[in-house]
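According to numbering that gives the first Met the number 0, the sequence shown is numbered sequentially starting from 0. Glycine residues also receive a C-beta, built at the ideal position from the N, C-alpha and C atoms. Notes to accompany the following structure.
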Amino acid sequence: MQYIERFIDGIDGSKARFIGYAIDNSPEIDMQRRRPAVLVIPGGGYAMTSDREAEPIALKFLSAGYQAFVLRYSVSPSRYPVALIEAAEAMRLIREHADEWHVDADHVATIGFSAGGHLAANLATSAGDDDLRAHGYDPDAVRPNALMLAYPVITSGEFAHRGSFDELLGPDHKADADRLEAVSIERHIDAVTPPVFVWHTMTDRTVPVENTLMLVQACKRAGVQVEAHLYPEGDHGLSLGTKESMWGGQDGVPCVQSWPQLAIDWLGRTFAA
């Protein structure tokens, strides 16, 4: 197995950390094998990137046969679109090194958690296209082929997680309706959006489930394939829902522990289509 580490220069002088786990090919099996890949984007309200939503998620997908990468993107005081450009560069790296890392460049998904879900969706939809072009990226060249989201920050409207947008846009953003609309994902889902898998809990007290419901409605209107799973209990930031991945070693939430296999099964079907 290859362990990969790169540093991505942020457009504001910050640095993002890009980590990868790539399964090597074997002469006993298939030396030409190219595996699908997943870019993991942890959450943290654009103020930090969660350990619990980084390597544990990458290793789960790695164990299912996916090459797995993690982006530790720049957070506050970095502002939009710093993290978006870093996510684009992470996707560019994966596809540029597809031969070296045994990746099928046409089957690269991203999975984002909470505010990391907002970043993943910003990259996957048309929301960030103008900003990507302004910084030298072809949006279609860095767009993932599938989008997976866990309790994502989606809307900047009534049901917004205000803390995420405060960190993303800075303290002076509240009076700028155009800036808020530009990063409200449900307003930017259209034909370029890849298939979507999303899960949320009905009792999330931090990022209301309405974020996911609005996402699903927007996907339906745009004709974007979407699979959604709503769980009856559990607060925000559950990661895998296991004791090992919970805040402070809290007890797990059994009802949500099905989501990783559901996501892996969905991704397999999506990439086989």
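field: Exposure of Trp-258, with buried meaning 16 or more beta-carbon neighbours within 10 Å
entry: buried
task: Report the three-state DSSP secondary structure of Phe-158 (helix, strand or coil).
output: coil
query: So what's Trp-198 in DSSP terms, helix, strand or just coil?
result: The three-state reading of DSSP puts Trp-198 in strand, counting E and B together.
message: Pop quiz: Arg-16 and Val-102 are said to be a contact at Cβ under 8 Å. What is the actual Cβ separation, rounded to whole angstroms?
response: That belief does not hold up - the Cβ atoms of Arg-16 and Val-102 are roughly 19 Å apart, past 8 Å.
- prompt: In angstroms, rounded to a whole number, what distance separates the CA positions of Asp-139 and Leu-131?
  reply: 10 Å
- prompt: Over what stretch of residues does the alpha helix (DSSP H) that includes His-117 continue unbroken?
  reply: 114–123
First and last residue of the uninterrupted beta strand (DSSP E) at Lys-14: 14–21
message: Just to confirm the assignment, what range does the beta strand (DSSP E) spanning Gln-1 have?
response: 1–8
message: Does Gln-66 come out as helix, strand or coil in the three-state DSSP assignment?
response: strand
task: Using a threshold of 7 Å, state whether the C-beta atoms of Val-69 and Ile-18 are closer than that.
output: yes
- prompt: To which residues does DSSP link Val-225 through a beta bridge?
  reply: Val-195
query: Considering only C-alpha positions, which residue in the set Arg-71, Ala-149 and Val-255 is nearest to Pro-231?
result: Sorting Arg-71, Ala-149 and Val-255 by C-alpha distance to the C-alpha of Pro-231 places Val-255 at the top.
field: Where the alpha helix (DSSP H) through Ala-140 begins and ends
entry: Unbroken alpha helix (DSSP H) run through Ala-140: 138–141.
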